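Since the structure comes first, as structure tokens, the remarks are kept for the end.
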Amino acid sequence: MAAAATLALGGIAQAELLLPEKDELKFGFIKLTDMAPLAIAYEKGYFEDEGLFVTLEPQANWKVLLDRVITGELDGAHMLAGQPLAATIGFGTEAHIITPFSMDLNGNGITVSNEVWEMMKPNIPKLEDGRPQHPIKADYLKPVVDQFKADGKPFKMGMVFPVSTHNYELRYWLAAGGIHPGYYSASDISGQISADALLSVTPPPQMPATLEAGTIHGYCVGEPWNQQAVFKGIGVPVITDYEIWKNNPEKVFGITAEFAEKYPNTTTALTKALIRAAIWLDENDNANRMEAVEILSRSEYVGADAEVIANSMTGTFEYEKGDKRDIPDFNVFFRYYATYPYYSDAVWYLTQMRRWGQITDTKPDEWYAEVASKVYRPDLYLKAARALVDAGQADEADFPWDTDGYREATAEFIDEVSFDGRTPNAYLSQFPIGLKSGETVSESGVTGG
Amino acid sequence: MTTLDGAVPDPAREERRAQRLARINKAATYFDVVGLGFMVPLLRMAAGDSPRQQAAALWRTLLVPLIGIGLFIAAWAALAPQVQTSLGAIPGPAAVMEQAGVLYDDHVAERGKADAFMERQELRNQALIEQGLEERVKWRSYTGKPTYLDQILTSLVTVALGFLVATLIAVPLGIMCGLSPLVNGALNPLIQIFKPVSPLAWLPIVTMVVSALYVNASDALPKSLVISALTVTLCSLWPTLINTALGVSSIDRDLMNVGKVLQLPRLTTIRKVVLPSAMPLIFTGLRLSLGVGWMVLIAAEMLAQNPGLGKFVWDEFQNGSSDSLARIMVAVLTIGLIGFLLDRVMYALQAAFTYSTQR
């Protein structure tokens, strides 16, 4: 009781400094393990410490979630990194959404059906012990897709939203293996123009059921829905996004620009709570992960069986049944400055939108930088981080105080193409498959360039 | 009736028994109404009626239904494990019972958390008062998840609201249709076209319209509740409307003529003549409407993700945990039982408000 009293008083002392303008909030999320910072901030009382009274509500799909944030039914939400960017530049629904907090690195995988796996397997090089050699490139899937095409059957794969990380990761992987995932155009937003593999949208939790029903032959989705396929025996994850792009940025926490402007203290307070949750998740070499797994397995959060969630949350990943391998960084929530909203992360997503025709025209490099700085808000992040450091709740060294917002150029992609967020157009010119400078897509195909 | 020892029957006792039986006979109607018909033979036996005769009635009203249920459960228990899904075997009755228990425990645990939340809030507010910041003291409701029992309550409130609105529209409209061939002619084609429309088709329209018109949603009447309730209204008003019109139009002409001869005002005619005669059919319509409304509600909640039992079912389907199927079955049984009870309530109301023997 006494401890609780001091805690409450501690909360008051902070509230003194920073009184949230709006303290009753409703946040949306999709049933995926990377919503963990929200669940932890709630369960560990970090929101309450900041004087915030938060209700967490699962949403049916990414579109509903985005629409509800725009209409104000939700104050904020766990979002795909592409969603705030696309909304701000007006692809799909138009609204100015910003992010003060990047939620995690990695955490996705690509799964194919058992049938496709059996067809792929003979092509894949083996390790000495007979297990397939990882990472598995899409080169080994290409003969399967060609076979489908020769038989006159469409090869269909699922991803979760047109501007989702998963759409871009799946496209990246396929294109790196010479399989064309198709273009978007101004008039055709199905994204299947000149495609070898037809990609369509399915909400994350429905992926296994859709694969099982035979509607799609594979999918790219976040955890636990790849491990669920293994447990259900309906599919085999072939690659994780960590292997497609080492430590790629994943979800963000999205709010409207209007919300951040109207409620600056609330924005700082919620960012503080989320940073603390991320610290807790990665603390002492992931020591808290089992507890996090138990929390996530509750039916109000992700709800899948704890053992399925634990498979990826505790630094391993099970490919084929029984083939469990160590991927210590499969889910990163705080290490490597994971929560800092880097402009270069935003630029990468924008390059992919351009690469596949969602951004219909060539844009100058400055445009990329400008959009990134409109949506990604490290200033809000650092304000929250400073407050945490001053209160002794975080370590000064854990935050990149002096960065210009661009990560070092990296070539740690599956196709070893080098990415520098400062030169998006030069980056795009390196890909054999994808739009180049000056090219546009119309009904008759790619023109210009 | 003779007594065993051949003694002269005690007339006073006989009379008491006859009285008791008469009372039981009277009560029998009510027991039937609430679905406890099997109580009658039991009471009769207790009152000393011939056990042999009553045993037959008991067999028909109690044992046969019990055997039916027993056979169903046995078949379920035997067949369920045969079906292997990717979430494991279909759960049998035992697994479903267990999950029902778990859901109840969840509810209790969540209430405990709510109490802890309130306690923390009290401490916080107390601290504020001590610091002289009384204007900042606020009382907030608990922010945790709704439990299974909460979801049931939400669904019941929603269906009640939707059904109430439907009744308020359908009964007057039905009376007008029944009384005036003109109104009937105008409305009939619309009724025929809109009656078969599925709730899933109404939902998007209702959602958009409600979102546009009901901008400042209050906490007591959230938008999601209004949307679900209106969808229920749109689907459930037809049976009441049609049956009311039918009931009103088929009133004995003589009765209406008497009204005319007496030069009763129109409203009095409706109150004294039309409504009492049409009541049995109106209630038949209401019962059908409530049944439709309850079915529609679950579908609407599933599709729109509005709080309630439908959302519970969909969330569990999405969770895909090994307990999900059993939990969904708990929900299916709950939905069925509640639907049955709602129908019984309407039946009881009908019995209370009408004098007709045809129910």
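Those protein sequence lines, which keep their order, are chains U and Z.
The numbering of the first sequence is the numbering used here, which starts it at 30 and goes up by one.
The numbering of the second sequence is the numbering used here, which starts it at 10 and goes up by one.
Note that beta-carbon positions come from the ideal geometry of N, C-alpha and C, so glycine has one too.
Keep in mind it's a predicted model, so treat the numbers as computed, not measured.
Asked, Found
"CB contact check: Ala-33/U to chain Z, cutoff 8 Å", "Only weak support exists for where Ala-33/U lies, its pLDDT of 43 falling under 50; the value from the coordinates is given anyway. Taking Cβ atoms only, chain Z reaches closer than 8 Å to Ala-33/U, which makes this a yes."
"Local conformation of Trp-247/Z per DSSP, three classes", "helix"
"C-alpha gap between Ile-324/U and Tyr-330/U, whole angstroms", "8 Å"
"Simplified DSSP assignment, three categories, for Trp-430/U", "coil"
"Of the listed residues Tyr-410/U, Pro-278/U, Pro-266/U and Met-342/U, nearest to Asn-143/U (C-alpha basis)", "Pro-266/U"
"Whole-Å CB distance - Leu-411/U paired with Gly-105/U, under 8 Å assumed", "Actually they are not in contact, since the Cβ atoms of Leu-411/U and Gly-105/U sit about 19 Å apart, beyond 8 Å."
"Inside the segment 34-120 of chain Z only - alpha helix (DSSP H) runs reaching at least 4 residues", "48-55, 60-67 and 73-88"
"Residue-level contact to chain Z via CB, Asp-374/U, 8 Å cutoff", "no"
"For His-107/U, three-class secondary structure by DSSP", "strand"
"Close beta carbons around Ile-263/U, own chain, < 8 Å, minus the five adjacent residues each side", "Ser-142, Asn-143, Pro-237, Leu-240 and Glu-241"
"Cβ neighbours of Met-265/Z in the same chain (closer than 7 Å, five flanking residues each side left out)", "Val-282"
"Short-range partners of chain U found in the segment 147-166 of chain Z, where Cβ spacing is below 7 Å", "Arg-149, Thr-152 and Lys-154"
"C-alpha distance - Ile-59/U paired with Asn-277/U, whole-angstrom precision", "20 Å"
"For Met-149/U, the first and last residue of its enclosing alpha helix (DSSP H)", "143-149"
"Inter-residue Cα distance where the pair is Pro-232/U and Trp-202/U", "20 Å"
"Residue span of the alpha helix (DSSP H) that contains Ser-373/U, given as start and end", "372-384"
"C-beta neighbour in chain Z for Ala-110/U, strict 8 Å", "no"
"Contacts of Asn-328/Z in chain U (Cβ-Cβ under 8 Å)", "Lys-60, Pro-234, Ser-328, Val-331, Gly-332 and Ala-333"
"Three-state class that DSSP yields for Leu-85/U in the structure shown", "strand"
"Proximity to Asp-314/U [Cα-Cα], best of Gly-332/U, Ala-289/U and Phe-362/U", "Phe-362/U"
"Of the residues Ile-443/U, Ala-89/U and Glu-77/U, the one placed nearest Leu-132/Z, counting alpha carbons only", "Glu-77/U"
"Minimum C-alpha distance to Lys-379/U - residue among Gln-88/U, Val-83/U, Gly-243/U and Ala-116/U", "Per the sequence presented here, residue 379/U reads as Leu, with Lys not at that position. Ranking Gln-88/U, Val-83/U, Gly-243/U and Ala-116/U by Cα distance to Leu-379/U puts Ala-116/U first."
"For Met-186/U, the first and last residue of its enclosing beta strand (DSSP E)", "184-188"
"Contact list for Pro-237/U against chain Z, beta-carbon separation under 9 Å", "Ser-95 and Gly-329"
"Contacts around Val-105/Z, its chain only, beta-carbon distance under 8 Å, and the 5 residues preceding and following it disregarded", "Ala-335, Met-338, Val-339 and Leu-342"
"Closer than 8 Å to chain U by CB, Ile-120/Z", "The sequence shown places Arg at residue 120/Z, rather than the Ile named in the question. Arg-120/Z does not count as touching chain U."
"Close-in-space but distant-in-sequence residues of the same chain around Val-146/Z (CB under 6 Å, 5 per side omitted)", "Asn-134 and Leu-137"
"Under 9 Å (Cβ pairs) to chain Z, residues found in the segment 73-84 of chain U", "Gly-74, Phe-76, Glu-77, Gly-80, Phe-82, Val-83 and Thr-84"
"Where Leu-325/Z meets chain U, residues with beta-carbon distance less than 8 Å", "Sequence check: residue 325/Z is Glu here, not Leu. Those within 8 Å of Glu-325/Z in chain U are Ser-328 and Gly-332."
"Within 8 Å, strictly: CB atoms of Tyr-372/U and Ala-398/U", "yes"
"Any C-beta of chain Z under 8 Å from that of Pro-129/U", "no"
"Own chain partners of Lys-301/U with C-beta closer than 7 Å, once the 5 adjacent residues on each side are dropped", "Glu-79, Ala-413, Ala-416 and Leu-417"
"The segment 237-256 of chain Z in contact with the segment 293-313 of chain Z per 3-pair CB rule at 8 Å", "yes"
"Any C-beta of chain Z under 8 Å from that of Ala-89/U", "yes"
"Residues near Asp-261/Z by beta carbon distance below 6 Å, same chain, minus five either side", "none"
"Test item: CB-CB of Leu-271/Z and Thr-167/Z under 8 Å", "no"
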